[in-house]
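**Q** Chains F and P supply the protein sequences, listed in that same order. For what it's worth, the UniProt record's numbering labels the leading residue of the first sequence as 1, then goes sequentially. For what it's worth, the UniProt record's numbering labels the leading residue of the second sequence as 1, then goes sequentially. For each residue, glycine too, the CB sits at the ideal point set by N, CA and C.
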Amino acid sequence: MGLGSDMYRQQILDHYKNPRNYGELEDPDFTHVGENPSCGDTIRVDVALADDEETIETVRFTGDGCAISMASASMLSERLSGMTIEELHELETEDITEMLGVDISPMRVKCAVLGRQVTQDGAKIHRGELDVDRTRTED
Amino acid sequence: MEVQESYPFDVEAVRADFPILDRKVGGDPTTIGQDDSDDIPLVYLDNAATTHTPEPVVDAIVDYYRGYNANVHRGIHQLSQEASVAYEEAHDTVADFIGAAGREEVIFTKNTTEAMNLVAYAWGLEELSAGDNVVLTEMEHHASLVTWQQIGKRTGADVRFIEVTDEGRLDMDDAAEKIDDDTEMVSVVHVSNTLGTVNPIRELADLAHERDALIFADAAQSVPTRPVDVTDLDVDFLAFSGHKLCGPTGIGVLYGRESILESMSPYLYGGEMIRRVTFEDSTWEDLPWKFEAGTPSIAQGIALAAAIEYLEGFGMERVQAHEELLAEYAYDRLTDLGYVDIYGPPGDERGGLVAFNVEGVHAHDLSSILNDYGVAIRAGDHCTQPLHDTLGVAASARASFYIYNTVEEVDALIEAVSGAHELFA
Chain F
1 MGLGSDMYRQ QILDHYKNPR NYGELEDPDF THVGENPSCG DTIRVDVALA
51 DDEETIETVR FTGDGCAISM ASASMLSERL SGMTIEELHE LETEDITEML
101 GVDISPMRVK CAVLGRQVTQ DGAKIHRGEL DVDRTRTED
Chain P
1 MEVQESYPFD VEAVRADFPI LDRKVGGDPT TIGQDDSDDI PLVYLDNAAT
51 THTPEPVVDA IVDYYRGYNA NVHRGIHQLS QEASVAYEEA HDTVADFIGA
101 AGREEVIFTK NTTEAMNLVA YAWGLEELSA GDNVVLTEME HHASLVTWQQ
151 IGKRTGADVR FIEVTDEGRL DMDDAAEKID DDTEMVSVVH VSNTLGTVNP
201 IRELADLAHE RDALIFADAA QSVPTRPVDV TDLDVDFLAF SGHKLCGPTG
251 IGVLYGRESI LESMSPYLYG GEMIRRVTFE DSTWEDLPWK FEAGTPSIAQ
301 GIALAAAIEY LEGFGMERVQ AHEELLAEYA YDRLTDLGYV DIYGPPGDER
351 GGLVAFNVEG VHAHDLSSIL NDYGVAIRAG DHCTQPLHDT LGVAASARAS
401 FYIYNTVEEV DALIEAVSGA HELFA
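(1) Alpha carbon to alpha carbon, what distance is there between S72(F) and H15(F)?
(2) Assuming the contact rule is C-beta atoms closer than 8 Å, S187(P) and A157(P) should be a hit. Round their C-beta distance to whole Å, please.
(3) Can you tell me which of I403(P), R103(P) and T278(P) puts its alpha carbon nearest to the alpha carbon of F18(P)?
(4) Leaving out the 5 sequence neighbours to the left and right, which residues in its chain are closer than 6 Å to P8(P) when beta-carbon positions are compared?
(5) Could you round the C-beta distance between V253(P) and A239(P) to whole angstroms and report it? I think they count as a contact, below 8 Å.
(6) Any Cβ of chain P within less than 8 Å of the Cβ of R44(F)?
(7) Nearest by alpha-carbon distance to E12(P): which of M185(P), T225(P), E409(P) and S222(P) is it?
(8) Which chain F residues are close to A394(P), counting only those with a beta carbon under 9 Å from its beta carbon?
(9) Rank R276(P), S400(P) and L136(P) by C-alpha distance to the C-alpha of S222(P) and give the top, closest one.
(10) Using a Cβ-Cβ cutoff of less than 6 Å, which residues in the same chain neighbour K290(P) once the five nearest sequence positions on both sides are dropped?
(11) Can you tell which of V417(P), D28(P) and V57(P) has the C-alpha that lies nearest to the C-alpha of I302(P)?
(12) At 8 Å on the CB atoms, spell out the chain P contacts of S74(F), in chain order.
(13) Hey, is the segment 208-216 of chain P in contact with the segment 55-71 of chain P, meaning 3+ C-beta pairs nearer than 8 Å?
(14) Quick one: using the 10 Å Cβ neighbour count with 16 as the cut-off for buried, is P296(P) buried or exposed?
(15) Rounded to the nearest angstrom, what separates V45(F) and C39(F) at their Cα positions?
(16) When you compare the CB of P106(F) with every CB in chain P, is at least one pair closer than 8 Å?
(17) W289(P) lies in the beta strand (DSSP E); which residues open and close that run?
(18) What number of angstroms, rounded off, separates the C-alpha of V375(P) from the C-alpha of A416(P)?
(19) Can you check the segment 371-408 of chain P for any beta strand (DSSP E) of at least 3 residues that lies completely inside it and give the ranges in chain order?
(20) Which residues, taken in chain order from the segment 9-28 of chain F, show a beta carbon closer than 9 Å to some beta carbon of chain P?
(21) I'd like to confirm the pairing. Which residues does DSSP put opposite E35(F) in its beta bridges?
(22) Threshold first: 4 residues or longer. Then list the alpha helix (DSSP H) segments lying entirely within the segment 39-66 of chain P, N to C.
(23) Which of the residues in the segment 340-365 of chain P, read from start to end, lie with their CB under 7 Å from any CB of chain F?
(24) Kindly indicate which three-state DSSP category A416(P) falls into: helix, strand or coil?
(25) For K110(P), does the three-state DSSP call read helix, strand or coil?
(26) With distances taken between CB atoms, is the gap from G392(P) to T197(P) smaller than 8 Å?
(27) Would you mind giving the Cβ-Cβ distance between H243(P) and T51(P), rounded to the nearest angstrom? I have them listed as a contact below 8 Å.
(28) Could you check whether the Cβ of V109(F) sits closer than 8 Å to any Cβ belonging to chain P?
(29) Quick one: which chain F residues come within Cβ less than 7 Å of S418(P)?
(30) Using the beta-carbon count (16 or more within 10 Å), is P106(F) buried or exposed?
(31) Would DSSP call S297(P) helix, strand or coil?
(32) Going straight from the alpha carbon of A306(P) to that of V85(P), what length do you get?
(33) Which bits of chain P does M7(F) rub up against, with CB to CB less than 8 Å?
(34) For E88(P) versus R103(P), is the C-beta spacing smaller than 8 Å?
(35) So V43(P) packs on A330(P), CB below 8 Å; how close in whole Å?
(36) Beta-carbon separation of V358(P) and L366(P) under 8 Å?
Put into structure tokens, the structure is as follows:
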């Protein structure tokens, strides 16, 4: 079988059906929203930092979209806790596909990286390094 | 199966004209064409996006490049004359096919979108101003919607949208209200590429003409799938694309009423569209060449005529009958699953396509899983984002049929949809 069936292994379906860290934070250090216009996937990420302003303490996300984008955001939210902002920015597309543990077909990579992109952009905006209202992942 | 016996023509014989239908899929999509790991039969149900190309049409392209490749209109040499005759006669074939008066009413463009833009720029920018309005529908394709929306912004003209009812039909009371004395253009999709609705173009043309407005029919989904006659419909403009009716990409058609085309200035300037040029001024070629600047898509134009001749071999009434048979069968089987939302009117009054969502499965996930079954469908917004907004969904899946599709292929779709639903349950 092709890439599709591989993409929907149990782990992905589990995170899609039971997303971890789903919700919003009452007092986040930063919040950012992003979308994948060609699919209609949307994600909002709330992040609370530790007192050092460097370490990610808590992540919550909400969103609406395909299994790949939602499972990826859910798995990322678990991994981000304890990471520094610098480590967040070092996350590459390959790190995301590795985390998902499946081959992502080329047309669906933008779904997989949406959560990471939104979080990275949110952190940059928080530090005044970027000025956008919404993140958009395209082909 | 009963349905099968009522095919309007021999579908197996049709399939023999399309070698691509025999290929397998399932391997690595980054290796182009068939490779050894392709092992699942292809079920191609994305015909509203593009249709496949039968051998006689491929032959027409090959014959041109192998036999008489030359530029058109300007050569005295034999090859150029042969190419010119074939290219110009292709316009006559199109004119006959859609009931136009002659080649002067048939302009070859790149596609439906370019045809729409030609009218929007050459007619719209000249004729529209603040106080005027253009009437579209909520089910317009972006080709029409975005084009008139932007022309409206540039000219100050108001752009209005005829509402779509809950059953996916145009609200004709709303149409009669929105088309008023300030309306200059009514631009309407004939068959919706998302809802499958067949809109009453003649009725809308009468409403437009009563108010001295023009009407443009976006026929991208109708000319390939049913008899369309511009005289019966009484439209002023009509557009369609070659690649949705067994022709190649890169060729589309704008039909325009001769008197209106005569009054319009060119859209693109350059070679092939002029009669006399001095340093100070230029005069224009006769219709339709006035609107075909530069070297046109010659092989594609000739192949478009071959595609039309191929379809005329079946007769468009029978093409329509086949489309309706498959659409109704697919509508009924998807409905029977009990967990599928289908958009648009009932199965017995739609074009040959069905857009839907499966409960609990995002359209893109569905399309990825269907791909594993070898089933090719479209998933996304189908270039009708505002319509999807009114439907309250971000995306939908769409299966669309053509002359070579079978009821067994619809059964394969149903099996794949069931598999996807089970996976996500």
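**A** Quick answer:
(1) One-based indexing of the first sequence puts residue 15(F) at position 15. One-based indexing of the first sequence puts residue 72(F) at position 72. H15(F) and S72(F): Cα-Cα distance of roughly 8 Å.
(2) Sequence index remark: in the second sequence, residue 187(P) carries index 187 (1-based). Sequence index remark: in the second sequence, residue 157(P) carries index 157 (1-based). The Cβ separation is near 12 Å, so there is no contact.
(3) Locating residue 18(P) in the second sequence gives position 18, where the first residue counts as 1. It is I403(P).
(4) To locate residue 8(P), count along the second sequence from 1; it is residue 8. These residues qualify, in order along the chain: R318, A321 and H322.
(5) For the purposes of this step, residue 253(P) is identified with residue 253 of the second sequence, where counting begins at 1. For the purposes of this step, residue 239(P) is identified with residue 239 of the second sequence, where counting begins at 1. Indeed, because the Cβ distance is near 6 Å, the residues count as touching under 8 Å.
(6) Residue 44(F) sits at position 44 when you count from the first residue of the first sequence. Output row for R44(F): interface = no.
(7) Reading the second sequence from its first residue, position 12 is the one you call residue 12(P). Of M185(P), T225(P), E409(P) and S222(P), the residue nearest in Cα terms is E409(P).
(8) Looking up residue 394(P) in the second sequence gives position 394. Those are C39, G40, D41, T42, D64 and G65, listed as they occur along chain F.
(9) Counted from its first residue, the second sequence places residue 222(P) at position 222. Among R276(P), S400(P) and L136(P), the Cα nearest to that of S222(P) is on S400(P).
(10) The residue given as residue 290(P) occupies position 290 in the second sequence. Correct list, in chain order: P266, M273 and W284.
(11) Translated into the one-based positions of the second sequence, residue 302(P) becomes position 302. Out of V417(P), D28(P) and V57(P), V57(P) has the C-alpha closest to the C-alpha of I302(P).
(12) Sequence index remark: in the first sequence, residue 74(F) carries index 74 (1-based). The premise fails here: S74(F) is roughly 15 Å from chain P at the closest Cβ pair, so nothing lies under 8 Å.
(13) no
(14) The sequence position of residue 296(P) within the second sequence is 296, counting from 1. Classification of P296(P): buried, given that the 10 Å Cβ count is 16 or more.
(15) Translated into positions along the first sequence, residue 45(F) becomes position 45. Translated into positions along the first sequence, residue 39(F) becomes position 39. If I take the Cα positions, the gap works out to 18 Å.
(16) The residue given as residue 106(F) occupies position 106 in the first sequence. Chain P, which has a Cβ nearer than 8 Å to the Cβ of P106(F), makes this yes.
(17) Numbered from 1 along the second sequence, position 289 holds the residue referred to as residue 289(P). Run containing W289(P): none; DSSP gives neither H nor E here.
(18) Position 375 of the second sequence, counted from the start, is the residue given in the question as residue 375(P). Position 416 of the second sequence, counted from the start, is the residue given in the question as residue 416(P). Computed Cα separation, rounded: 8 Å.
(19) 378-380 and 396-400
(20) L13, Y16 and K17
(21) Against the first sequence, residue 35(F) aligns to sequence position 35. DSSP lists T42(F) and R136(F) as partners of E35(F).
(22) 55-63
(23) H362, H364 and D365
(24) Stepping through the second sequence from its first residue, residue 416(P) is reached at position 416. A416(P) falls in the helix class under three-state DSSP.
(25) The sequence position of residue 110(P) within the second sequence is 110, counting from 1. Three-state DSSP puts K110(P) in coil, outside helix and strand.
(26) As a working note, residue 392(P) is residue 392 in the second sequence. As a working note, residue 197(P) is residue 197 in the second sequence. Not a contact, by the Cβ cut-off of 8 Å.
(27) On the second sequence, residue 243(P) is found 243 positions in, with the first residue counted as 1. On the second sequence, residue 51(P) is found 51 positions in, with the first residue counted as 1. Going by Cβ atoms, the distance from H243(P) to T51(P) rounds to 7 Å, so yes, they are a contact pair.
(28) The residue given as residue 109(F) occupies position 109 in the first sequence. For V109(F), the answer is no, since every Cβ of chain P falls outside 8 Å of its Cβ.
(29) Start at 1 with the first residue of the second sequence, and residue 418(P) comes out as number 418. Correct list: empty, because the minimum Cβ distance to chain F is about 15 Å.
(30) In the first sequence, the residue the question calls residue 106(F) occupies position 106. The residue is exposed, with fewer than 16 neighbouring Cβ atoms inside 10 Å.
(31) If you number the second sequence from 1, residue 297(P) lands on position 297. S297(P) falls in the coil class under three-state DSSP.
(32) Here the question's residue 306(P) lines up with position 306 in the second sequence. Here the question's residue 85(P) lines up with position 85 in the second sequence. One C-alpha to the other measures close to 14 Å.
(33) Your numbering for residue 7(F) matches position 7 in the first sequence. What M7(F) touches in chain P: S368.
(34) In the second sequence, counting from the first residue as 1, residue 88(P) sits at position 88. In the second sequence, counting from the first residue as 1, residue 103(P) sits at position 103. In contact: E88(P) and R103(P) (Cβ atoms closer than 8 Å).
(35) Counted from its first residue, the second sequence places residue 43(P) at position 43. Counted from its first residue, the second sequence places residue 330(P) at position 330. Going by Cβ atoms, the distance from V43(P) to A330(P) rounds to 12 Å, so no, they are not a contact pair.
(36) Along the second sequence, one-based indexing puts residue 358(P) at 358. Along the second sequence, one-based indexing puts residue 366(P) at 366. Yes.
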